Structures are given as structure tokens and as C-alpha cells.
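Worksheet for the structure shown next.
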Amino acid sequence: MYKTAIVIGAGMAGLATARALAVRGYKVNVIERTHRAVGASIRNFGMIWPIGQPDGELYERAMLSRSIWKQVCQDAHIWHDAVGSLHVANQPAEMNVISELATIFRHRGYQLLSADETLKKSAPVVRENLMGSLYSPDEMIIDPRVAIQTIPAWLSEKYMVEFTWGKTVTAIDYPDVYTGEDMLSADEIFLCSGADFETVYPELFSKQALVKCKLQMMRMAAQQERIGPPLCGALSLVHYNSFKAAPSLGQLKKRFDEQYPDYLKWGIHVMVAQNQAGELTVGDSHEYDHTHDPFDKQFINQLILDYLKTFASFGNEQIIETWNGIYPKLTNGEAHLVIRPEQGVTIINGLGGAGMTLGFGLAEQVVAA
């Protein structure tokens, strides 16, 4: 007799959980309040980004996610590009940090590239002031808009996962899940509700160290050429936890405090990734609050574009889309929130900006346990 499971939410965490259950023989029903996934899971770069995770459990989870992503993409015929990543240095202090990181993370295959080697790796990198770059082979790009829309059909076809779209779960009383007047039951219930802390278990969520992060992003028109690895300016060096391993990072941070105060105030670090259509996703910023206004700030987008010009230049820089996304972020330094509010119910949330990178791995580990 098979076991049954209900997964609430068809974003990255929900789809990853549904997959982890389905491969173990569960009969899975995914309930999503919208008619297709439109939240943070489709509003990102599509980066599977192990370079951002420190050694140990989180890096291993990121690499597990990467391996699952590759399997899913191959099986579901989803475009993916395992092209690595490139962090560009234009100042001596930036070069010192990436040099240290190349040594510290030699076991990951990082390479310290000269200016000429960098330009061979990625033609759009600006030559002026270029000192070198840090190349990592681990990173992989997908198009989240395509992948998050394709995976449900693949799960349905391969594992008979059922999807209930346009239904909001209003309450859980194990083993029952309520969507208004309708009720479903299952052996296991997983709540993967993303930034919606208000609908189910609101009092429990209010006690967690959770805040909502709003980011702004843009898309440039399709380019005639591939840009190679996704490109990152040096501001990214003070954003990711893994880079804290560099002894001279504090000196770089002090320099940025003086040179880029507005960028740090709005949590801006600048990256660009290319999708299968040749379009460029550019971002991003980070604002933290419990409730965000719905409006994009033009000056933030301009700051992003101004900094992008310092390290990359493209043949077609027409902006064809702008948007913002909101995701849950833990303020206590933890990488995720996994709690059991009652027997048979598991909440998976709070992956911050690393849902694409850690989601598959975390769900695999939680379900396996």
C-alpha cells in the first residue's frame, strides 16, 4: 500500500519536495493557490550557485542539488548550461580577495585568471581597469520561468503527481488539509508556502526569525553571442557567506563602505546571466521588511546598470523587462527553516535567495530523514 502526501506550494521548495516524495513511491498531490507559479521561484537569475555556499553541509547540499537539477533537466528536456561562473576584479583590493579565494577553495577547482585569460573566457568583460577574475566550474544556469513551468508536467507524467491549481489552503488539521469547504487527507503534509506567512500557521510563523526580502531585477534583449559564464562584479564578494573565508575581505568591505555607500545601503550587488534565448538577466538589490511596497525604484535599477558598465558591456543593452520579487529570509544566520508544527506536518521555508541552489538538496535530505 503506497503512502500519500500533500505538498502545499508549487514553487521551488514545493516542487523539490514533491519530487523527493514521488521518487520514494509516495502518491503526491501538490496544491497551489495560483493557477501557475508566479512567485520568487520564477523571478530570479536561474543560478544554481554552489560558489556562494561555505564548505561543509551547505556546499555539499548545493552540489547535491546541482546533481538533481542535471538529472531533472535531462529527463524533462529543460535547457541548462553548466558553464561555471566568473567574478571580475578591477581594483587591487578586489584582486587580493579573489586570489585568496582561489587558494582557499583550490579543492573546488577554482582558477585565478589573468586579465587576458578573463577576456578569453568572456568577451563582454570590460578591458579597462581589468586585473583578473575568479573562475569556478560548478555553477549551472537554467531559465526559471521555463523550468518551474515544465517540472509539474514532468512530475505528473513520470510519477503521477497530481497538481491542484487555483486553490488556497486555509487550514491544516492533520491528517486533513482544507481549501475553503473542500478537504483532502494524506499520511504526510508539507507546507512550502514561500513568502506567505499569513494564511496557515500565522502565529507560528510570527515567532520565527523571518523577514521578507524584496529584490529588483531587469532583463536585456537577446544577444547575438553567448556571454560564457554568468558575470559578477566585485560587490558580490561581500554578499555571499562563502567569501567570508578570505582574510582581506574586511579591508575590501571598508573600501566599499567609502566607495559604494548607496549600493551597500540597498543591498546591491551586480550579476548577469544569459538564458537559452540569449537574453540577459541583470540584478539585483535587497530590501528587508515584513511588508514591502509594490513599486520598483528607478534609482536602484540605474545604480545596478551603472555598476554593470564598470565590468561588462553588451551588444544590445535594451531593457525589455523589469520586475521585483519577494522571498523569505532568516535573520538568525540559519540557511533554512524546517519545523514540525504537529505530527505528520513539515514546514520547509526560509531558504533566502538560495532556493534554486539548495532546494532540491534540502528536500531530498528532509524527505529521506
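Heads up: the sequence shown begins at 11 in the numbering used here, then just goes up one per residue.
We treat Cβ as the ideally placed atom computed from N, Cα and C, and that holds for glycine.
Quick caveat: nothing in here was measured; it's all calculated off a predicted structure.
Rounded separation between residue i and residue j - CA only
| i | j | result |
| --- | --- | --- |
| PRO185 | ILE18 | 14 Å |
| ILE114 | ASN39 | 44 Å |
| TYR211 | GLU104 | 45 Å |
| VAL93 | PHE324 | 18 Å |
| SER77 | ASP91 | 13 Å |
| TRP79 | PHE370 | 7 Å |
| LYS339 | PHE55 | 17 Å |
| ASN106 | GLY190 | 58 Å |
| GLY7 | THR320 | Limits of the chain in this structure are 11 at one end and 379 at the other, which puts residue 7 out of reach. |
| GLU333 | GLY277 | Here residue 333 turns out to be Trp, not Glu, going by the sequence shown. In a straight line, the C-alpha of TRP333 is about 16 Å away from that of GLY277. |
| MET11 | TYR169 | 16 Å |
| LYS264 | ASP316 | 21 Å |
| ALA47 | ALA205 | 13 Å |
Cutoff 7 Å; reference residue i; Cβ partners in own chain excluding five residues on either side
| i | result |
| --- | --- |
| ALA112 | TYR120, GLN121, LEU122, LEU144 |
| SER124 | GLY142 |
| GLN286 | TRP89, ASP153 |
| VAL171 | ALA28, ALA32, VAL38, VAL40, LEU165 |
Proximity below 8 Å, CB of residue i to CB of residue j
| i | j | result |
| --- | --- | --- |
| ASP294 | GLN226 | yes |
| HIS117 | CYS223 | no |
| LEU214 | ALA32 | no |
| PHE207 | LEU194 | no |
| PRO162 | LEU25 | yes |
| ALA15 | PHE305 | no |
| VAL348 | ALA30 | no |
| ALA373 | THR27 | yes |
| VAL98 | LEU140 | yes |
| TYR250 | LEU313 | no |
| GLN328 | MET230 | yes |
| ILE336 | VAL179 | no |
| LYS37 | GLU198 | no |
| GLY288 | ALA345 | no |
| SER75 | SER146 | no |
Helix, strand or coil at residue i [DSSP, three-state]
| i | result |
| --- | --- |
| GLN328 | coil |
| LEU361 | coil |
| LYS168 | helix |
| PRO338 | strand |
| ILE52 | helix |
| VAL33 | coil |
| MET366 | helix |
| ILE349 | strand |
| ILE278 | coil |
| ILE151 | strand |
| VAL2 | No statement about residue 2 is possible, as the shown extent of the chain runs from 11 to 379 and does not include it. |
| SER75 | helix |
Cβ separation of residue i and residue j, assumed to be a contact under 8 Å, to the nearest whole Å
| i | j | result |
| --- | --- | --- |
| MET57 | PRO240 | 6 Å |
| GLN63 | ALA72 | 5 Å |
| SER216 | ASN359 | So it is not a contact: roughly 13 Å between Cβ atoms. |
| LEU245 | PHE253 | With a Cβ gap of about 11 Å, LEU245 and PHE253 do not count as contacting. |
Neighbourhood of residue i by C-beta, 6 Å cutoff - its chain only, sequence neighbours within 5 removed
| i | result |
| --- | --- |
| TRP59 | GLU149, THR367 |
| ILE52 | PRO154, ARG155, ILE158 |
Close-in-space but distant-in-sequence residues of the same chain around residue i (CB under 8 Å, 5 per side omitted)
| i | result |
| --- | --- |
| ALA133 | GLU235, ILE237, GLY238 |
| LEU318 | GLY243, VAL280, VAL282, VAL292 |
| PRO257 | GLU110 |
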